[in-house]
Amino acid sequence: MSSILADVHTITEQKSQAGYQLDPRTAMANRLPGTIQPFLTWLTARPAPGEAAPALPATHYVHEAIGLMVAGIGLGAAAFIADDTLIFSLMLFISLTLTTSGLGLFQVVIFHHCGHGAVFKEKKHNRDVGRLISALFLFKHFDAYRQEHMMHHNARKLLTEDDEFADFVLGMCRLEPSLSKGELWRRVLLNVVFSPSFHVRFLYRRLKAATTSPDRTHNLVSIGFWAGSFALAAASGLLLPFLLVWVLPVTLLLQLATIGRILCEHRFPEPALIAARGREFICLATAGVFPGAQPPEMAATTAAGLLAWSGWWANMLTVQLFVRLTVLVGDAPCHDFHHRRPAGEWTSYIHSRQNDVDAGCPGFPINYGENWGLFSAIDENLGTLAATPRDALPDWQH
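So for the sequence shown, UniProt numbering puts the first residue at 1; every next one is plus one.
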């Protein structure tokens with residue numbers, strides 16, 4: 001790693017002298033110690049130049065999701081025996097973050113890639129695990145999800161009435177093309193993120209999908225798990241901890257994370273490209289979304305430099321870390337790679353995407369695009385929706 005970073009430093013010095021603006025991850029590799037590069041790779045979902053990909057089996061993500069949830073629930077339970085209010089609040093916050101992160105991995109990574117038949121070797125194992133996840137965590141029945149998700153990967157269906165993304169953004173969230181970006185942001189914040197009625201509608205939709213599917217066994221597992229959990233918590237006098245430590249992450253917190261993730265997933269290309277539905281449409285309909293920001297150029301040896309680096313680290317270890325743990329979990333930052341290479345090496349998604357970038361993305365007319373920061377990505381995507389004529393997209397009846 002040290003020799004690689006030395007080479008990067010030499011190259012970037014030359015580019016800097018030529019007025020070249022480094023991308024944030026290369027700048028991090030150039031300006032920060034090698035010992036923290038693996039952490040920055042995970043945090044930003046971008047590798048340092050020349051970094052080798054770790055060999056991770058698909059089951060690594062299953063174990064990670066379970067571990068996060070067990071740790072989160074355990075810490076949350078322990079919080080209720082804390083005497084100090086501040087300690088209780090801190091433990092509960094960390095608990096909710098970890099549990100929501102684990103749930104996100106189950107949703108975004110395991111459930112999703114089971115739908116592609118890519119987590120376990122046997123088709124039956126992918127199906128059975130997918131069905132169990134949808135029953136326990138109140139998702140759409142796995143079989144229905146899988147069918148809809150395959151249409152989402154079809155260029156002829158993306159951003160149509162049959163597309164799960166368009167149904168959520170234009171239907172569930174009630175966003176519309178041709179509105180100003182300011183109005184779209186207003187709707188996102190007031191009518192979606194901070195709207196109790198939206199979250200009730202969202203939860204009702206989830207409950208209905210999980211408990212009234214055509215699969216009677218799936219419905220009984222879902223109803224039995226939740227009814228039994230509530231009954232056990234009430235009988236043991238632990239209803240309040242149960243509601244805070246488990247029900248809150250599964251419902252409101254996971255829904256908030258889902259809103260953020262879906263709103264940054266896809267943008268709306270020009271109407272001619274939407275109508276053509278070719279490979280250029282696929283290229284411009286999504287981009288990488290990486291948690292992080294450009295690091296300061298100045299050294300931390302001056303007061304101004306120290307202040308700049310302190311602010312940068314504060315952002316990376318609070319906002320960006322929280323986003324990575326709860327919203328852009330797993331391979332969500334590299335959603336563009338998944339759409340271009342749905343059968344690609346998703347377990348090493350960070351490096352697989354970068355390898356494809358470096359190769360020029362063979363078979364596609366445009367290389368990958370990217371955004372740095374969740375909110376910047378959502379803002380850009382809403383801007384493309386604002387610029388889209390109404391007749392370029394389906395009209396949802398609300």
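All residues carry an ideal CB built from backbone N, CA and C; glycine is no exception.
All values derive from a computational prediction rather than experimental measurement.
Query: Selection from ALA276, SER348, ASP84, GLY288 that minimises the alpha carbon distance to LEU328; Result: GLY288
Query: Under 8 Å between C-beta atoms of ASN30 and LEU22; Result: yes
Query: Helix, strand or coil at ILE11 according to DSSP, with G and I counted as helix; Result: Because ILE11 carries a pLDDT of 39, less than 50, the predicted location of this residue cannot be relied on, and the following value inherits that uncertainty. Here ILE11 sits in helix by DSSP.
Query: Integer Cβ distance of LEU385 from LEU175, believed to fall under 8 Å; Result: 6 Å
Query: Buried versus exposed, by CB contacts within 10 Å (16 or more), MET150; Result: exposed
Query: Span separating the alpha-carbon of LYS124 from that of ALA118; Result: 12 Å
Query: Rounded C-alpha distance that separates LEU190 from ASP336; Result: 29 Å
Query: Straight-line gap, PRO365 to ARG340 (C-alpha atoms, nearest Å); Result: 11 Å
Query: Sequence-distant residues of the same chain with beta carbon closer than 7 Å to GLU64, five excluded per side; Result: LEU105
Query: Within-8 Å CB hit, LEU207 to chain C; Result: Among the chains in the structure shown there is no chain C, since it carries only a single protein chain.
Query: Cβ-based neighbour list, PRO249, same chain, cut-off 8 Å, excluding 5 preceding and 5 following; Result: GLY72, LEU96, THR99, THR100, LEU103
Query: Alpha-carbon to alpha-carbon, GLY76 and GLU13; Result: Residue placement at GLU13 is flagged as unreliable, the pLDDT there being 44, under the threshold of 50; a coordinate-derived value is accordingly withheld.
Query: Contact check, PHE120 vs VAL129, beta carbons under 8 Å; Result: yes
Query: Residue nearest to HIS113 in terms of C-alpha spacing, selected from PHE137, LEU92, PHE142; Result: PHE142
Query: Straight-line gap, LEU138 to GLY50 (C-alpha atoms, nearest Å); Result: 41 Å
Query: Residue range of the unbroken alpha helix (DSSP H) whose run includes TRP42; Result: 37-44
Query: HIS199 versus PHE322: straight-line alpha-carbon distance, rounded; Result: 21 Å
Query: Runs of beta strand (DSSP E) lying entirely within the region 100-188, each at least 3 residues, in chain order; Result: none
Query: Which listed residue (ALA308, GLN397, PRO47) has its alpha carbon closest to that of MET298; Result: ALA308
Query: Separation of TRP246 from SER236, as counted between CA atoms; Result: 15 Å
Query: Inter-residue CB distance, ALA47 and GLN354 (contact presumed, cutoff 8 Å); Result: Note on identity: in this sequence residue 47 is Pro, with Ala being the wrong assignment. Correct: roughly 5 Å between the Cβ atoms.
Query: N- and C-terminal bounds of the beta strand (DSSP E) containing TRP372; Result: 370-372
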